[in-house]
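Position 485 of the sequence shown, counted from 1, bears residue number 485 in the UniProt record's numbering, the numbering being contiguous throughout.
Here is the structure we will look at.
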Amino acid sequence: MFSAPFNTLHFSSNSTPSPALSEKLYSSSTPSTTSTACNAILCALLHVSLFSQAIHFFNHIVSTLAFVPDNYTCPLIFTACSSLSSLEDARNVHQLISAAAGFHPNAYTKCALVDMFAKCGSLEDARKVFGEMPHRDRDLACWTAMICGTIRLGHAGRVLSLFTDMMRAGGGLRPDMSLVAVDLPSCGRLQAAHTGMALQGLALKSGSYDDLFAHTVFRRMPCRDDVSWGTLIAGYSCNAEYHICIEVYAQMMSLGIFPSAVAVASVLPAIGKLGLAEEGRGMHGLILKRGVWSDWDVVIWNSAISSVEDHNLGLNIFRKMAERDIVSYNTIISSYGFHGHARQALLLFDEMKSLAMRPSGATFVGLLSACSHAGLVDEGRSLYHSMVVDYGIRPNVEHYSCMVDLLGRAGRIGDACDIVRAMPEEPNASVLGCLLAACRLHNVDLIGEDILQDKLDDSGYHILISNMYASRKRWRDASRVRALIKEKGLRKKPGKSWTQIGHHTHVFDDGDSTHSEFGIIQETLKILFSEMRKGYHF
């Protein structure tokens with residue numbers, strides 16, 4: 001039970017206490033209640049914004065009455081100093097606390113101390129306290145205080161290194177969206193665009209980017225610049241929300257905001273994924289005519305090449321590039337292969353070598369795929385050997401998949417099975433799918449069924465196996481595979497379709513009936529099917 005003075009204190013905390021009254025109440029408290037009394041007085045003073053009085057009271061009881069603060073007292077007095085942005089008071093309070101015998105600040109108090117110095121304008125003091133903290137005490141809140149303080153004090157250029165240090169610190173620390181949402185607009189105001197782009201990239205790669213939260217923060221921003229728009233667009237693109245990504249980009253352009261490099265590099269893949277030819281041509285026209293890049297030019301060009309459906313347009317962009325990196329060559333080589341121009345892909349590879357540009361694993365994936373589609377078995381095997389022997393590149397599952405496809409298409413299914421069996425890792429669905437497709441293409445018995453046993457979790461491959469058995473009248477085997485599909489509970493992934501009306505893209509999932517105009521759509525389809533049956537041609 002507290003003494004009478006504490007009851008008086010409780011009354012005063014709901015009114016407007018003066019430092020003199022508070023000190024009197026504190027000095028008349030029993031030793032067991034002094035800490036509680038002090039904290040209550042500070043809370044009362046802060047509640048009515050008497051920050052100077054709170055600091056005066058704290059200084060007096062610590063220096064005169066030998067009061068020892070605790071880990072509840074310190075954050076309160078730090079708040080008073082932060083509210084006044086008084087660096088002199090902050091340093092004096094810190095000195096008093098450091099000299100207090102018997103006080104051991106916990107991680108929360110140290111974090112509050114970092115935040116106080118940052119808000120009082122001294123990044124040097126904040127960094128000193130932060131640097132003296134044990135690594136185990138640096139939690140996400142502490143890193144947040146340090147990063148936000150760094151930006152607030154105009155040192156956006158240091159933020160990226162802080163983010164990197166945080167992610168390297170271990171313990172599962174990752175930047176959360178609330179932190180990034182606060183930081184990015186600040187980077188924009190400070191014209192630290194590259195830092196903002198890098199922060200956004202860290203958020204995306206760390207899996208901490210939340211679309212809904214990001215859009216909510218974005219809507220509340222008083223000033224939306226090209227960096228903040230680019231961040232939002234990149235988030236939707238990274239999370240495969242391509243139609244929303246394009247809508248946000250169109251909204252930005254309608255407001256007369258010229259896109260940043262991040263916005264352009266993010267919207268191009270979205271356009272490519274949705275197959276929007278008109279928008280694609282418009283974007284490439286923007287890139288070729290206006291040029292929105294400086295240090296980011298290669299990134300934009302590479303994104304443009306990878307997203308374009310017209311191979312000739314992609315090649316035109318590639319040839320116009322002032323500077324090309326390994327990604328540029330890999331992208332156009334893959335495009336050559338996809339469109340059946342294996343010989344041109346090989347010539348481009350020779351051009352790379354003449355420029356002393358060292359190929360990567362992705363380079364050989366594109367080359368092997370090109371050889372596979374063109375039936376160049378000998379060239380493909382020679383490239384595979386060169387990759388391993390000449391360049392010391394260890395084959396991964398994509399390389400194995402390409403080789404199985406290359407040999408399988410050529411009818412050398414036994415050799416393809418040998419490659420699968422020799423793999424140092426378990427073959428994935430892509431490798432096994434190539435093997436299955438080869439067996440069906442050449443109408444041969446399923447060779448190497450032991451390879452496939454219990455290794456496919458995709459219902460599509462099981463159905464393919466069942467159909468292959470059925471085509472050869474192996475009904476019992478076909479029935480067994482169908483039963484296995486039910487036993488494993490496998491289901492075919494629903495397909496998607498979309499149509500564009502104006503600037504809005506409507507997306508439909510197979511079997512989904514949640515669209516607001518689903519009934520009208522169904523009735524319209526019935527009419528179309530009826531007209532088709534009557535012999536109309538569309």
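Heads up, the beta-carbon is just placed ideally off N, CA and C, and yes, glycines get one too.
Taking the alpha carbon of Ser419 as the reference point, which residue from Glu241, Val444, Tyr384 has its own alpha carbon closest? Here residue 419 refers to the residue found at position 419 when the sequence shown is read from its first residue. Sequence inspection shows Ile at residue 419; the Ser mentioned does not correspond to that position. Of Glu241, Val444, Tyr384, the residue nearest in Cα terms is Tyr384.
On the criterion of 16 or more Cβ atoms from any shown chain inside 10 Å, does Ile244 qualify as buried, or is it exposed? Translated into the one-based positions of the sequence shown, residue 244 becomes position 244. Burial call: buried.
Take Asp369 and list the residues in its own chain whose beta-carbon comes closer than 6 Å to its own, dropping the five residues that flank it on each side. Taking the sequence shown and counting its residues from 1, one reaches residue 369 at position 369. In the sequence as displayed, the identity of residue 369 is Ser instead of Asp. Gly337, Cys402.
Can you tell me where the alpha helix (DSSP H) holding Lys320 begins and where it ends? In the sequence shown, residue 320 corresponds to position 320, counting from 1. Start and end: 311-320.
Measuring straight from C-alpha to C-alpha, what distance separates Ile55 and Glu247? Along the sequence shown, read from residue 1 onward, the residue named residue 55 stands at position 55. Along the sequence shown, read from residue 1 onward, the residue named residue 247 stands at position 247. C-alpha separation (whole angstroms): 52 Å.
Report the partner residues of Phe508 according to the DSSP bridge assignment. Here residue 508 refers to the residue found at position 508 of the sequence shown. Looking at the DSSP assignment, Phe508 forms a beta bridge with Ser497.
Are there three or more Cβ pairs, one per stretch, closer than 8 Å when the region 323-341 is compared with the region 352-369? yes
Check whether the region 229-245 and the region 255-275 touch, using three or more Cβ-Cβ pairs below 8 Å as the test. yes
Give me the residue from Leu123, Asn39, Ser228 with the minimum Cα distance to Ser260. The residue labelled residue 260 in the question sits at position 260 within the sequence shown. Ranking the options by Cα distance to Ser260, first place goes to Ser228.
Excluding the five sequence neighbours on either side, which residues of its own chain have a C-beta within less than 7 Å of the C-beta of Ala416, listed in chain order? Locating residue 416 in the sequence shown gives position 416, counting from the first residue. Excluding sequence neighbours, Ala416 sits near Val404, Leu407, Gly408, Leu435, Ala438.
Inter-residue Cα distance where the pair is Met532 and Val507: Along the sequence shown, read from residue 1 onward, the residue named residue 532 stands at position 532. Along the sequence shown, read from residue 1 onward, the residue named residue 507 stands at position 507. Each residue's alpha carbon lies about 24 Å from the other.
Gln53 at chain D interface by Cβ criterion, 8 Å: Within the model displayed, chain D is absent; a lone protein chain is all it includes.
In whole angstroms, what separates the C-alpha of residue 540 from that of Pro359? Since the first residue shown for the chain is 1 and the last is 538, residue 540 is missing from the structure and cannot be characterised.
Looking at the unbroken alpha helix (DSSP H) that takes in Thr363, where does it start and where does it end? Translated into the one-based positions of the sequence shown, residue 363 becomes position 363. Where Thr363 is concerned, the enclosing alpha helix (DSSP H) stretches over 361-374.
In angstroms with no decimal places, state the Cα-to-Cα distance between Asp512 and Leu274. As a position in the sequence shown, residue 512 is number 512, starting the count at 1. As a position in the sequence shown, residue 274 is number 274, starting the count at 1. Asp512 and Leu274: Cα-Cα distance of roughly 19 Å.
Collapsed DSSP secondary structure at His284 in the structure displayed: Taking the first residue of the sequence shown as position 1, residue 284 is located at position 284. Three-state DSSP puts His284 in a helix.
Spatially closest choice to Lys71 from Phe103, Pro427, Leu255, Met423, by CA coordinates: Within the sequence shown, numbered from 1, the residue matching residue 71 stands at position 71. Note that residue 71 corresponds to Asn in the displayed sequence, not to Lys. Here the closest residue by C-alpha is Phe103.
Tell me whether Ser82 is buried or exposed, calling it buried when 16 or more other Cβ atoms sit within 10 Å of its Cβ. Residue 82 sits at position 82 when you count from the first residue of the sequence shown. When all chains shown are included, Ser82 counts as buried.
Looking at Leu313 and His284, is the spacing between their C-beta atoms short of 8 Å? If you number the sequence shown from 1, residue 284 lands on position 284. If you number the sequence shown from 1, residue 313 lands on position 313. Result yes, Cβ atoms of His284 and Leu313 sit closer than 8 Å.
For Lys534 and Ile520, what's the separation of their Cα atoms in angstroms? One-based indexing of the sequence shown puts residue 534 at position 534. One-based indexing of the sequence shown puts residue 520 at position 520. In a straight line, the C-alpha of Lys534 is about 21 Å away from that of Ile520.
What's the C-alpha gap between Ala80 and Gly149? Locating residue 80 in the sequence shown gives position 80, where the first residue counts as 1. Locating residue 149 in the sequence shown gives position 149, where the first residue counts as 1. Looking at the two C-alpha atoms, the distance is approximately 17 Å.
Measuring straight from C-alpha to C-alpha, what distance separates His311 and Met387? Residue 311 sits at position 311 when you count from the first residue of the sequence shown. Residue 387 sits at position 387 when you count from the first residue of the sequence shown. Computed Cα separation, rounded: 26 Å.
Residue range of the unbroken alpha helix (DSSP H) whose run includes Pro75: What you label residue 75 is simply residue 75 of the sequence shown in a count that begins at 1. Unbroken alpha helix (DSSP H) run through Pro75: 73-84.
Let me know the secondary structure DSSP gives Thr514 once reduced to three states. Residue 514 sits at position 514 when you count from the first residue of the sequence shown. Thr514 falls in the coil class under three-state DSSP.
Hey, how far is the Cα of His341 from the Cα of Thr363? Counted from its first residue, the sequence shown places residue 341 at position 341. Counted from its first residue, the sequence shown places residue 363 at position 363. Roughly 15 Å separates the two Cα atoms.
DSSP state of Val264 mapped onto helix, strand, coil: On the sequence shown, residue 264 is found 264 positions in, with the first residue counted as 1. Helix.
With a cut-off of 8 Å on the beta carbons, I'd call Val68 and Ala100 a contact; round off their distance for me. Counting from one through the sequence shown, the residue named residue 68 turns up at place 68. Counting from one through the sequence shown, the residue named residue 100 turns up at place 100. Indeed they touch by this definition, with Cβ atoms about 5 Å apart.
In terms of residue numbering, what span does the alpha helix (DSSP H) encompassing Cys142 cover? What you label residue 142 is simply residue 142 of the sequence shown in a count that begins at 1. Unbroken alpha helix (DSSP H) run through Cys142: 140-152.
Which of the three DSSP states is assigned to Thr64 in this structure? For the purposes of this step, residue 64 is taken as residue 64 along the sequence shown, with counting starting at 1. Coil at Thr64, not helix or strand.
Alpha carbons only, please: which of Glu132, Leu123, Pro134, Arg136 is nearest the one belonging to Ala145? Locating residue 145 in the sequence shown gives position 145, counting from the first residue. When each option's Cα is compared against that of Ala145, the closest is Leu123.
Secondary structure at Ala40, three-state DSSP: helix, strand or coil? Taking the sequence shown and counting its residues from 1, one reaches residue 40 at position 40. It is helical.
When we look at the beta-carbon of Asn106 and count the other beta-carbons within 10 Å, is it buried (16 or more) or exposed? As a working mapping, residue 106 is identified with position 106 in the sequence shown. Classification of Asn106: exposed, given that the 10 Å Cβ count is below 16.
Taking a contact to mean a Cβ-Cβ separation below 8 Å, would you say Leu42 touches Ile77 in this structure? Position 42 of the sequence shown holds residue 42. Position 77 of the sequence shown holds residue 77. Contact flag set, yes.
What separation, rounded to the nearest whole angstrom, lies between the Cα atoms of Gly375 and Ser382? Taking the first residue of the sequence shown as 1, we reach residue 375 at position 375. Taking the first residue of the sequence shown as 1, we reach residue 382 at position 382. So the two alpha carbons sit approximately 13 Å from each other.
So which of Val264, Asp165, Phe58 has the shortest CA-CA distance to Ala90? The residue you call residue 90 lines up with position 90 of the sequence shown. Ala90 has its Cα closest to that of Phe58, out of Val264, Asp165, Phe58.
Buried versus exposed call for Val114 [16 or more other C-beta atoms within 10 Å across all chains shown]: Numbered from 1 along the sequence shown, position 114 holds the residue referred to as residue 114. It counts as buried.
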